[in-house]
Amino acid sequence: TRPSRRSGPPIAVGGDWRPELPGVTWISPVAVGAHWQEASLVIVTSDVAAQLPTLPPRAGVFILAAHEPVDEVWQAIVALDDHAVVMFWPSCEPWLREQLNDPAPEFVEHRAPSS
Numbered sequence: 014t015r016p017s018r019r020s021g022p023p024i025a026v027g028g029d030w031r032p033e034l035p036g037v038t039w040i041s042p043v044a045v046g047a048h049w050q051e052a053s054l055v056i057v058t059s060d061v062a063a064q065l066p067t068l069p070p071r072a073g074v075f076i077l078a079a080h081e082p083v084d085e086v087w088q089a090i091v092a093l094d095d096h097a098v099v100m101f102w103p104s105c106e107p108w109l110r111e112q113l114n115d116p117a118p119e120f121v122e123h124r125a126p127s128s
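If you want it as structure tokens, here you go:
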């Protein structure tokens, strides 16, 4: 089984579109393999998901879409073998910032925002 604890910083994989996310290190699709297992969470923009190399499944992977081009989002889901949660920017921004501002030692996919 894979460990659920990940001590690395959160990473994001993107192309031309990279929204400002505090505490996130943006990397290219070719560099993702070096950070995949240790990153606390992985954000992949929908436009580059199909460019990622084959990677082992893991929790804490998010597809970030800037708009709703249905084909692009479905292609991203297929590229990541259905192991990712799709988020639409900017509606997901408050939840995602909460995840980034209050990292847990273990990734929690369905965490309610703090009140």
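Taking our numbering, I'd label the letters of the sequence shown as residues 14 to 128. The beta-carbon is built from N, C-alpha and C at its ideal position, and this holds for glycine as well. Since we're looking at a predicted model, the values are computed, not measured.
Let's see if you can read the secondary structure: which residues bound the alpha helix (DSSP H) around residue 93? From DSSP, residue 93 is part of no alpha helix (DSSP H); its letter is neither H nor E.
Is the CB-CB distance between residue 23 and residue 52 below 8 angstroms? Taking 8 angstroms as the Cβ cut-off, residue 23 and residue 52 qualify as a contacting pair.
Would you give the residue range spanned by the beta strand (DSSP E) that residue 108 belongs to? Note, residue 108: premise wrong, no beta strand (DSSP E); alpha helix (DSSP H) at 106-114.
Counting C-beta neighbours from all protein chains within 10 Å, is the total for residue 73 16 or more, i.e. buried, or is it exposed? With 16 or more Cβ atoms within 10 Å of its Cβ, residue 73 is classed as buried.
According to DSSP, is residue 20 helix, strand or coil? Coil.
If you drop the 5 nearest sequence neighbours on each side, which residues of the same chain put their C-beta closer than 6 angstroms to that of residue 64? Answer for residue 64: 42, listed in chain order.
In this structure, does DSSP put residue 52 in helix, strand or coil? In the three-state scheme derived from DSSP, where H, G and I count as helix and E and B as strand, residue 52 is classed as strand.
So, are the CB atoms of residue 59 and residue 77 less than 8 angstroms apart? Yes, the pair counts as a contact, with Cβ atoms nearer than the cut-off.
Host beta strand (DSSP E) of residue 72 (start-end): Residue 72 -> no beta strand (DSSP E), and no H or E assigned at all.
Enclosing beta strand (DSSP E) for residue 39 [first to last residue]: 38-40 is the span of the beta strand (DSSP E), which, as asked, contains residue 39.
Please report how far the alpha carbon of residue 115 lies from the alpha carbon of residue 26, in whole angstroms. Rounded to the nearest angstrom, the two C-alpha atoms are 21 angstroms apart.
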